[in-house]
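**Student:**
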Amino acid sequence: QVQLVESGGGLVQAGGSLRLSCAASGSTFWFNAICWSRQAPGKQRDVVAIIENGGSTNYADSVKGRFTISRDNAKNTVYLQMNNLKPEDTAVYYCFMDKVSRTYWGQGTQVTVSS
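This is the structure we're talking about:
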């Protein structure tokens, strides 16, 4: 079992920054990737950033150059640094861990960007 807890969301003005954290506990070894996804009201949930077990990263085009995903293995925590935020970034942000057996999800954290 894996538990994921997101934090760091909030209200920020356009152009501002936030750093989201995803703290993992439990069986955190042997995963394929840890990802951040987001879901805005009335829209589907989309993946915005991926960090693979080997450290490779990938981003959705909409956040490339503004968001950075990183990992602190000692703290079992994955971060999403979000800069130059835009109103369209407003969503609930979820982290999830993709393992061979199944995918584990956190509860989400709200990010609201005001114009």
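FYI, in this note's numbering the residues of the sequence shown are 1164 to 1278. Ideal placement from N, C-alpha and C gives every residue a C-beta, glycine not left out.
#1: Give every residue of the same chain whose Cβ lies closer than 6 Å to the Cβ of Ser1219, excluding the five residues on either side of it in the sequence, and list them in chain order.
#2: Taking 7 Å as the cut-off, is the C-beta of Ala1186 nearer than that to any heavy atom in the ligand GTP?
#3: Determine whether the beta carbon atoms of Glu1169 and Thr1272 lie at a separation below 8 Å.
#4: Give me the Cα-Cα distance between Lys1238 and Ala1187, rounded to the nearest whole angstrom.
#5: Answer yes or no: do Phe1194 and Asp1261 have a C-beta to C-beta separation smaller than 8 Å?
#6: Excluding the 5 residues preceding and the 5 following Val1226 in the sequence, name in chain order all residues of the same chain whose CB lies nearer than 6 Å to its CB.
#7: Which same chain residues end up closer than 7 Å to Lys1249 when comparing Cβ atoms and leaving out the 5 residues on each side of it in sequence?
#8: Please report how far the alpha carbon of Leu1243 lies from the alpha carbon of Val1274, in whole angstroms.
#9: Report the rounded CA-to-CA distance for Lys1206 versus Gly1189, giving the unit in angstroms.
**Tutor:** Looking at the atomic coordinates:
#1: In the sequence shown, the residue the question calls residue 1219 occupies position 56. Once the five neighbours on either side are set aside, Ser1219 has no close Cβ partner at all.
#2: Only the bare structure without any ligand can be found here, which leaves the ligand GTP out of the picture.
#3: Locating residue 1169 in the sequence shown gives position 6, where the first residue counts as 1. Locating residue 1272 in the sequence shown gives position 109, where the first residue counts as 1. For Glu1169 and Thr1272, yes; Cβs fall inside 8 Å.
#4: Translated into the one-based positions of the sequence shown, residue 1238 becomes position 75. Translated into the one-based positions of the sequence shown, residue 1187 becomes position 24. The alpha-carbon atoms of Lys1238 and Ala1187 are separated by roughly 8 Å.
#5: The residue labelled residue 1194 in the question sits at position 31 within the sequence shown. The residue labelled residue 1261 in the question sits at position 98 within the sequence shown. Closer than 8 Å, so yes.
#6: Position 63 of the sequence shown, counting from 1, holds the residue named residue 1226. Answer for Val1226: Val1211, listed in chain order.
#7: On the sequence shown, position 86 is the one that residue 1249 refers to. Cβ neighbours of Lys1249 beyond the five flanking positions: Ala1177 and Val1276.
#8: Counting from one through the sequence shown, the residue named residue 1243 turns up at place 80. Counting from one through the sequence shown, the residue named residue 1274 turns up at place 111. So the alpha carbons of these two residues sit roughly 12 Å apart.
#9: Position 43 of the sequence shown, counted from the first residue, corresponds to residue 1206. Position 26 of the sequence shown, counted from the first residue, corresponds to residue 1189. The alpha-carbon atoms of Lys1206 and Gly1189 are separated by roughly 31 Å.
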